[in-house]
Structure formats: structure tokens, C-alpha cells
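Q: This is the structure I want to talk about, given as C-alpha cells.
Chains as they are written, first to last, in the UniProt record's numbering: chain A, 1 to 565; chain B, 1 to 565.
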């Protein structure tokens, strides 16, 4: 018997009406706006109205440094959420909305997997309630206003060689990475080089994720720096009178989307998935809703603990004022083996046979990555729990090896089989998280807001990534000076680097030391509220493969979606 | 006292829950999917389930040749729908969804006006249920697949100089009209010239409007011709294996959106507004729903009767199998005066004073346009009713002049004040339409499907536009031959010309004769199901003005939208 596909499992789900899902969170139906029969938006008024309800425990799910395949962090987030109901606790799950570009590219969908999924997976993977499209519309309206401003005389004196705002689309389209626009005749704009990023990478998406209210969203949009004048002064969306319309386009998108898991656990889906040049976490307003529901709010942070969790602590929590009670660090046998440096995992190819053979030694050899990521969590005063996300190809001795490492560090640990078993496969994990979250909390930021940008970069690179030193390219250093001068110095930093290593170099597996961390460039997402130094080339517009999912997705004779996985 | 703004009036509306609006049409709540509290999508299953209900009268609203300001066709459509309830009849209204590009450009909204509006106007003008975004996503996915196919070896042998498929966005952005994409390095695609149209102009939008079912939508998407090989053979979306994913992206968008007027008349809003290179009518599936509801279905066709109504008869009705019972021809004093050739109306400028002065003579002098458009309706065997859309600046003598012209042609006629009075201002019109629609029906197409494309063009140009002759440019003639050879010859034609004249020349007002109608180029929307010859340059991507609505639209302190009008 073959294990059913995610889409097949998703189809068997018995879904509660959204009002019932909301009721299980104590949300009044008057604060729910239905979008189709299975999804509802939560009105932001619910946040204020529920402010006096008891606060749930706040648990972030992060991971060791993943392989290019990912280590099942969303699946574990969903599985953990489901598991709490098996131990008499009520959980809410918060995740980001998948991007349609990758859905039709290599992935074919991203909603958890197996028996730990958010359903209906077609809704989650396609359009959902249109938030991603609203971000596209708001972003590109601002882009049109910039070019129009230049065409109509450029009263603000925008330096056409110093425009930071590109355009966005939620599609994998490499042909749009670099374009020359404004061609044609005199009435067709001013020719200049520009390009498109995928919508998830838009600063508008980061604004949506970090806004604490509609008024805060409006203010952040106004602060977006789109360009500089010849004198080097920033030009904002407010200067261009575009921020009001952008806020209008986003006012529904700011309402979190309420869905459910296969086991009817409530799930708040909100904001996009981009974790390279942005902070890669679901939205603050979703967490504001979830933190006043049930016993536990389980929220997911992107990539490994050096990336998503560090930004969760230092960017998201700094903005929201919420403090976490525990952090789950997802680990897999395959990733730890890869961190031994003895195996290579390539996206789109089957795992090498020697990686699949029973070999606890390799797990031990790669365990330094797990140790460092657990430390990274502890560095913020948060209790770590190691979740061993089990695969059918794992061996008991290998799980035992991970347990030993975790226990030796004094961290709680649990083997999880939620992919094949749903919530009951993560009961041990839920119990461990429940204990960890009940310990006294000692949460603190890694750096103070009033440190300089350079100090912040150095602190993250040395204390979290394990670098000996930081080398900032002269042009980047000059830009950092400019940012301090423009008053952006108090912003947190979001370092854009590979997620495949603790360092800047994807080839350095395990827990590298003795390296100098390079900053090649630096940019400011002033509206979202962070500065992002770049430690390498960041791809912000994916392409399609030679056999993309788009070729397999279709409607069957009954009008049902096939080919999403 | 100043007359309140459209947005202010819209805010005063007492809205029925969508289920109650549906119930008034006899639609079972199980066939309604709520999108927020005020809009629902109608499941297409409702069409089959309601097939044995009595058929409503089918009334199309068209107009004389408009000025650049428009003559209130949507407002009249809404007002007429509202008026029927004042004479004991129940009507459903069908209109197209406004495009957000113009909403943030010059217009600031398009939902009817005054006391004849579709509400909530913010929902209608912004995103609605995301159909426009779904068209954008499906269109651009196909574009990405085309370029990816070329990058990955071009197995289908696409001629890169003969790619018909551009990209689309729902924004007024002249800088995107002409671009070079695929720049950068080897991994960033293949450089080539292309560009963006506004989403409403997408062939995918025309497919959505003309599809008769989900299966038919899927089939039409597959037939879209995106390019030609070096040998001149068409390459389709099916050849590129993209049509299945496109259909998946559009499956919710194919469900019509149910809204209501200020007087709670049900309104089906569906498909986009583009009427230049497309047929410019609301969707067939919306009319399939509306035709089995109440006593009358009032549907709007774009521009004057030479454009939207001709295509309504010969493209839309040919596809749907529905036959109209009456046609309303909207006329205004200002437009008829402009057709005298003695006044000039310019968009964005106040009307000239001499046009506003009482002058029934000028109305008579421009009346030939009304006569011709009434004839154009009659040419299809349909009963015309002239609706005089009254403005506060009109004089009774001028209304009388229009009445005389209509009566002299044996057409019913009514003065309407629905803008200031709502439905009761259009009671006389509703009574006239009710009578006209009850007359024996003699509907027929202007040309048979098996006429050649050239014959079809000639028939429309001479019999509808009033041309003496047609001159087809040699390159266009050659393309027409190719279309016949590829089997596209049985498609109807949708002539792309100015909407500001019965002829190809916007300066020729009234009812010009003695001209030769030029065809400069010709293209095929094979998926949508028509060939469109071009009688001039068609702008398919608008730009922003120097003071666009985007600068005025914002949120007020209560989070309410301001600045839409």
C-alpha cells in the first residue's frame, strides 16, 4: 500500500464551519468574515475586544540548519498544534501563506504534509483570500507612481540611478528579474533599468507581517524609502502621496485568515513566506489574535534558528511586545547526517543511498549544528525543545543519537511521527513543550535598539553564526553611515545570508568557526522596520524548472484540482 | 445643499445579507459562497439546478456614441434594475467588474453613481473577490511558461519574433507598455522585447467572460494561441501544458459575484471592463444565473451600440445561445449636442458653457447618431428603447427634442432621473422596456459564422458603422488568410476601433458616411473565440495623470476609505 498523497489526505478532511473554528478560540462570530465555506478573516477589532482574556503560552517552532529539502518545520508546527488536544490542551497554530510562484514551480504546494496539514490545501496554496494579490497591487501601484512622478517633472528630484523600489509578481519568472522599462515613444515613460521580485519578497509583505494595527500599517507604508535624491536624501511613499492608497488596498489583507488542520485545530494563516531579505515570520496581528485563545499559540519561524528564530526574537517580538515561552528546534536524521560533511543532499534528486543506511555515527558527527542552534535559542533566554521529525527511513539508533545530544545539553527532546500519525504522533513533543513553556521565562533581546547598525551586525555574526570577525565592504559601510544619519540606526537588522549554513557559505555545514563574515551590501526596509545587510547574492525572483508543477496541475472531470502535492 | 458624493451615498445603504439577495432571485443558500459580509459567489451548479425555472426577459443596455466622459450607461443599468421593483417586476442586473488601474488613475471608482449604485462601492472598486487577480495570475503564469520553454531548449520551435502573449497587471503603468526582459546573466532568461497590458485587456479575461462552463473555460484556455513557429504554425497554451494550471487558478473566478444596488436589487458582477480589443460585455455564466431569476435580466454592454451591443449580439449571444428581448439605448443631451459638431467635450475639463446653454437645435443637429444606433439595434431584430439620462443642466426643450427623434423612429422613449432619485426616477423607462420586451422577438445575427473573416469585417463596417468601403492593409490581409487556414475562420470578429465615433476616426461625430474603414492589423483571440481586426492604435495599458486619484485615496481615522468617488 502506498501512502496517500497530501492532496488525497486533504480531501478526506472533515472540516468544521469557520464559525465553529472561531468559537473554539473564543472568537465571536461577529468578528469573523467568511471567504468561501472553509476560510474566514478575523476582524482586527477582535484583538481589542479580547484583550482581557488569559494569555496563551507562546511557542515558536524553529529548526537546525536545513538541507535544501527542508526538514518538515511546517508539518511539525501543525502536528504539534494537533497534539495538544491529545493532552487536554488547546492550541492555535500560526503559519505564513505559501507563495504561488513555487507552488507552480518545484514544490506543488506547501501546507504541512501527510496527516499534519492545513486544509483545504487547495485554498491555502491558491489565492487563499487574496492577501498576496493585495500586496502585489499595493507594491506595483507605488512603482507606477514613482515612474509617473519622474515622467511628470520629478518635482522631488529622485535620482534615477538610485531607485530602490522594483516591481513584484507572485510567479516564478526569471525573465522578469532584470528588465528595461519605459521603452517606446515619449508618452511611454522614461527608459530605465529595473526588474521584478516575487511578491513574497516585497517590503509591503514585511510591512503586513510587522504592522501592529491598521494605523500602524498606514504609518509604516508611508515610511517606505523608495529612492534617494541626487543629494542622497531618502524619498518615501508618503512623499509620493501613495501610502494612503496602498493602505486602502491592504486593509482587508491585514486581517488574518482562519483555517484549520486535519484535526480541526485552528490555524491563523497570514503574511508571506520570504525569509532571505525579510524576517520570514508570520504576522504580528495573527499572533495578537492567537495569544488570547486557548492554552498555547504555536507560531512558525522560517529556516534555521540562526535565521527565522533570531529575527523572531529580535525583530518580531521587539515590534509586538510579546515574549516567547518556549522554542521547538526541529531536527532530522538526514540533515544531521548531512552536517557531518559526509553526504550531499541536492534538491530535486533522491537522497544518496549511503545517507539512508543506519549510521548513528554520522548523526553524532553532524550534531554540532544542533548544539549551536539550541544555544542560539538559549542565548535569548528561551527554553529549547528538540523535535526529532521522524522519517520512515530513519533508524532507532539514529533517533537515540539525537536524544543523547539534546539531553547532554539539558534540552527536552521528543521523537515525532505526526506526518504518518497526525497529532497523536507528536504527543511526547506536546508534553515536553508544555513543560518547557511553564518554566520561568528569562527572555531578552540579543542587542539593544540603540546599538549602532554595525554593532548589531557584529553581535549576530559572532554570537549566533559563530564568526570570528566581520568584514564590511567599503560601499556597504558608507551606506550604513548614511542610514545612521537618516535616523534608521535604531532599527534591528535582518542579515540576508544563505539558510543552508550557519555561516555565509552554503558549503560550510555543521557549526563552522574561524570564518570572517562578509557584508557586501546593505539595504533599508524602513517601512517594515529593519535594515538588511547582504552576505551574498540573494535570489528574489525564482525561475521555473524544465518540468515544473505547472505542467501537472489541472482539473479532473469533476472540476477537482489534481497535481498539487 | 451640495449633492452628496457617491461614496457618501454608498455609506448610507441598508444592505441585505447576501443569502437574502440570493433568496430574492430564488437561489438556494447552498449555491452561495460568502466573501465577506456583503458579497457572495454563485456556484455554477446553480445554473443546472435552476434550468427549469421560467426564463426572465433579457434586456441589454447600450448607448449612443459617448463623449469621453461617458453617458451614464452603468448608472442607467442600475437605475433601470431598481425601477422594475417600482412597477411590480423583479429584475436582476449584470455588470462588469471595474478595473483598479483606472480607479486609482483618473476615475476614482466605477459602480454607477448617485442613487443608482452597486454597493458597497469600495468592495466593487477594490479587489472584489479577487477575480481580476486570478486573471493576472493565470495570464502571467502562461507568460512565464513561454519564456521558460524557450530557455529550456524551445522544443516547440517558437519563433521569438512572433510571440503574441504579453504580460498583464491591473495598474495604470505606462512604463510597462514596452520593456526588454530576460536581461542579466545566462541564468536570467532570454532577452527579448515584450510588455504589459492592463489585466482587463487580457485574453484570459475574455475567456472568463465567454466561457459557458468550467469545462468550456478549460478548453478555451487550451486553445489560446500564444505564438507561432518559424513555419507559421500556431503554438497554444495546451501545447505548453499550461492550460490546466490556468484553469485551476480561475476556477473560483468563474463563479459570478452577487452584490446589490442601493435599493437591494440583485446585481451579478463578473468579468472585466475592456471593450477595445475584447468584446466588452459581462460574463455568459452570470447571465445564465440571472436569466432564471425574477422577471427581467438587465445586462450592460460596453460603449455605444456599434461596439458593445454589436458584439453582445454577434459574439456573446452566439456563444451563450440566449436571445435578447429588448435593448435600451442611453442618450444624453450633452452627447447629442457634441454630435452636432458644434461643441468639444474633453475628458478632465469642465463642459464648455455654450454646450450647457438651452439649445434643442444642437440636439437635433446631433440626432443622426441616435438614429443610427437605434437602427443598429433594430438591424438585429431587437426592440430599442431610448433612455434619456437626464442631467441637472438639461432643459425640458432638449429632452423633448430627443423624444421627437425617438418617436419619429417608432422607438419607445423615457426621461430618467435615477441618478438623483434612484429607481423611481426610471419608472417610465422600466414601463417602456417592459412593453418592448413583451413584443414578438425577431432576433438574428448580423452575419453567419461560416462567412469569411473578410466578409464579416465588411458587413460590420458597412452595415453598422456606415462605411462605404473597407481597406485592409496587405499584411493584415495575409494574416486573415493565415487565420482561415488555421481554422479560425468561423470565429466572429471584434473590430478594435475608437468608441468615440461610429467610424474609425474619433473626430467624425454624428453619423458619418462616405468613409473607407481601414484595417491596419488583425489578431486572433482563439481561446476567447474571436478575431480582432485593428482600425488604429489601441492603447492597452493606461498611464497615470499628473494628479491621479491615488493621491487622494486614503483611510480616515476610523479606518474607512476616503477619496473614491
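Backbone N, C-alpha and C define an ideal beta-carbon position, used for all residues, glycine too.
Since we're looking at a predicted model, the values are computed, not measured.
(1) Going by C-alpha distance, which of 540(B), 243(B), 343(B), 399(B) is nearest residue 510(B)?
(2) Between residue 285(A) and chain B, is the shortest Cβ-Cβ distance under 8 Å, so that the two count as touching?
(3) I want to verify the contact list: residues of chain A whose CB lies under 7 Å from the CB of residue 291(B), in sequence order.
(4) I believe residue 422(A) touches residue 82(A) by the beta-carbon criterion, under 8 Å. Please report the beta-carbon distance rounded to the nearest angstrom.
(5) For chain B, find out if any of its Cβ atoms is closer than 8 Å to the Cβ of residue 48(A); answer yes or no.
(6) For the beta strand (DSSP E) that contains residue 181(A), what are its first and last residues?
(7) Would the C-beta of residue 40(B) count as close to the ligand ADP, meaning under 7 Å from any of its heavy atoms?
(8) Would the segment 162 to 172 of chain A count as touching the segment 181 to 201 of chain A if we require 3 or more Cβ pairs under 8 Å?
(9) Check residue 161(A) in the structure and name its three-state DSSP category.
(10) When burial is assigned at 16 or more other CB atoms within 10 Å of the CB, is residue 373(A) buried or exposed?
(11) Would you say residue 33(A) and residue 40(A) are within 8 Å of each other, going by their C-beta atoms?
(12) With burial defined as no fewer than 16 other Cβ atoms inside 10 Å of the residue's Cβ, what is the status of residue 215(A): buried or exposed?
(13) DSSP three-state call for residue 112(B): helix, strand or coil?
(14) Buried or exposed, going by whether 16 or more other CB atoms sit within 10 Å of the CB of residue 161(B)?
(15) Residue ranges of each alpha helix (DSSP H) run of no fewer than 4 residues wholly in the segment 69 to 138 of chain A, ordered along the chain?
(16) Can you grab the Cα-Cα spacing for the pair residue 267(A) / residue 37(A), in whole Å?
(17) For residue 112(A), I'd like the list of residues in its chain whose CB is within less than 7 Å of its CB, leaving aside the five on either flank, ordered along the chain.
(18) Smallest Cα separation from residue 542(B): which of 274(B), 211(B), 10(B)?
(19) Measuring only the C-alpha atoms, how far is residue 141(A) from residue 218(A)?
(20) Give me the residue from 152(B), 238(B), 12(B), 103(B) with the minimum Cα distance to residue 552(A).
(21) Rounded to the nearest angstrom, what separates residue 114(A) and residue 396(A) at their Cα positions?
(22) Between residue 514(B) and residue 556(B), is the Cβ-Cβ spacing less than 8 Å?
(23) In the DSSP assignment, find the unbroken beta strand (DSSP E) run with residue 261(A) in it and report its ends.
(24) Give me the chain A residues within the contact set of residue 546(B), using Cβ-Cβ distance strictly less than 7 Å, ordered along the chain.
(25) Is any beta-carbon of chain A found at less than 8 Å from that of residue 163(B)?
(26) For residue 67(B), collect the residues of the same chain with a Cβ closer than 6 Å to its Cβ; drop the 5 residues on either side in sequence, then sort them by chain order.
(27) Just the C-alpha distance for residue 147(A) and residue 6(A), rounded to the nearest angstrom, thanks.
(28) Can you tell me which of the three DSSP states residue 317(B) falls into?
(29) With a threshold of 8 Å between beta-carbons, can residue 550(B) be considered close to chain A, or not?
(30) Classify residue 12(A): buried if its beta carbon has 16 or more other beta carbons within 10 angstroms, exposed otherwise.
(31) Name the residue from 507(A), 527(A), 479(A) whose alpha carbon lies nearest to the alpha carbon of residue 519(A).
(32) Exposed or buried, which one is residue 392(B) when buried takes at least 16 other CB atoms within 10 Å?
(33) Examine the Cβ distances between the segment 302 to 316 of chain A and the segment 375 to 383 of chain A and report whether three or more of them are shorter than 8 Å.
(34) By DSSP, does residue 142(A) sit in helix, in strand, or in coil?
(35) Nearest-angstrom Cα distance between residue 72(A) and residue 284(A)?
(36) If you count every other CB in all the chains shown that lies within 10 Å of the CB of residue 368(B), and 16 or more means buried, which is it?
A: To lay it out plainly:
(1) 343(B)
(2) By the rule that beta-carbons nearer than 8 Å mark a contact, residue 285(A) does not touch chain B.
(3) Those within 7 Å of residue 291(B) in chain A number zero; the least Cβ separation is about 22 Å.
(4) 6 Å
(5) no
(6) 179 to 181
(7) Absence of the ligand ADP from the depicted structure is noted, as is the absence of any ligand whatsoever, leaving it without description.
(8) yes
(9) strand
(10) Residue 373(A) is buried by the Cβ-count criterion.
(11) yes
(12) exposed
(13) strand
(14) exposed
(15) Correct list: 73 to 84, 121 to 125.
(16) 15 Å
(17) 74, 75, 78, 118
(18) Closest in alpha carbon position to residue 542(B), among 274(B), 211(B), 10(B), is 274(B).
(19) C-alpha separation (whole angstroms): 15 Å.
(20) 238(B)
(21) About 21 Å.
(22) Not in contact: residue 514(B) and residue 556(B) (Cβ atoms no closer than 8 Å).
(23) 257 to 261
(24) 152
(25) Not one chain A Cβ lies under 8 Å of residue 163(B).
(26) Counting only Cβ-Cβ distances below 6 Å, and skipping sequence neighbours, we find 335, 338, 345.
(27) If you draw a straight line from the Cα of residue 147(A) to the Cα of residue 6(A), it comes to about 44 Å.
(28) Three-state result, residue 317(B): helix.
(29) yes
(30) exposed
(31) 479(A)
(32) exposed
(33) yes
(34) helix
(35) 23 Å
(36) buried
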